Amino acid sequence: MGEAAAASPGQVVPIHPEVFAGEGGGEPLLVGSRCQRCGAFFFPRRQVCARCLSAEMEVVPLSGTGTLYTYTVVHQSTPEFPTPYILAYVDLPEGV
Numbered sequence: 262m263g264e265a266a267a268a269s270p271g272q273v274v275p276i277h278p279e280v281f282a283g284e285g286g287g288e289p290l291l292v293g294s295r296c297q298r299c300g301a302f303f304f305p306r307r308q309v310c311a312r313c314l315s316a317e318m319e320v321v322p323l324s325g326t327g328t329l330y331t332y333t334v335v336h337q338s339t340p341e342f343p344t345p346y347i348l349a350y351v352d353l354p355e356g357v
């Protein structure tokens with residue numbers, strides 16, 4: 262993998278392009294999966310439902326709100342991930 266460019270102050274740079282939705286100036290939202298058979302939500306996205314084993318999954322934006330339990334700002338990482346970035350433990354209303 263190539264070396265990642267460092268983010269300038271105040272610039273939002275997604276760690277992985279498939280994790281966020283909301284391009285074009287809107288608030289970024291996490292992207293997960295929802296099983297079309299049983300309705301279970303997952304993050305990160307899955308190809309098969311862990312609850313009912315269905316492959317009928319759809320990509321959905323997840324809620325922009327949740328319960329934040331803890332977070333840290335990572336300042337030292339591997340070259341693939343530009344720093345600093347935030348790592349957080351959050352419960353979302355969808356149950357993920």
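Take 262 as the starting number for the sequence shown in my numbering and just add one per residue.
A virtual CB, placed ideally from N, CA and C, is assigned to each residue, including glycine.
On a predicted model such as this, the values are computed, not experimentally measured, just so you know.
Residues near glutamate 264 by beta carbon distance below 8 Å, same chain, minus five either side: Residue 264 sits at position 3 when you count from the first residue of the sequence shown. The pLDDT assigned to glutamate 264 is 47, lower than 50, so where the model puts this residue is not dependable; a value taken from the coordinates is nonetheless given after this. Excluding positions up to five away in sequence, the list reads Pro340.
Sheet register partners of arginine 295 (DSSP bridge): If you number the sequence shown from 1, residue 295 lands on position 34. In the DSSP output, where bridge partners are listed per residue, arginine 295 has Phe302 and Glu319.
With 16 other Cβ atoms within 10 Å as the buried cut-off, status of methionine 262: The sequence position of residue 262 within the sequence shown is 1, counting from 1. Any reading at methionine 262 must be qualified, since the residue scores a pLDDT of 42, below 50, and its modelled position is unreliable; the value itself is stated next. Counting Cβ neighbours within 10 Å, methionine 262 comes out exposed, since fewer than 16 surround it.
CA-to-CA distance, glycine 300 to leucine 323, given in whole angstroms: The count along the sequence shown starts at 1 and reaches residue 323 at position 62. The count along the sequence shown starts at 1 and reaches residue 300 at position 39. Roughly 13 Å between the two C-alpha positions.
Beta bridge counterpart(s) of leucine 314 as assigned by DSSP: To locate residue 314, count along the sequence shown from 1; it is residue 53. Its beta-bridge partners do not exist; DSSP assigns none.
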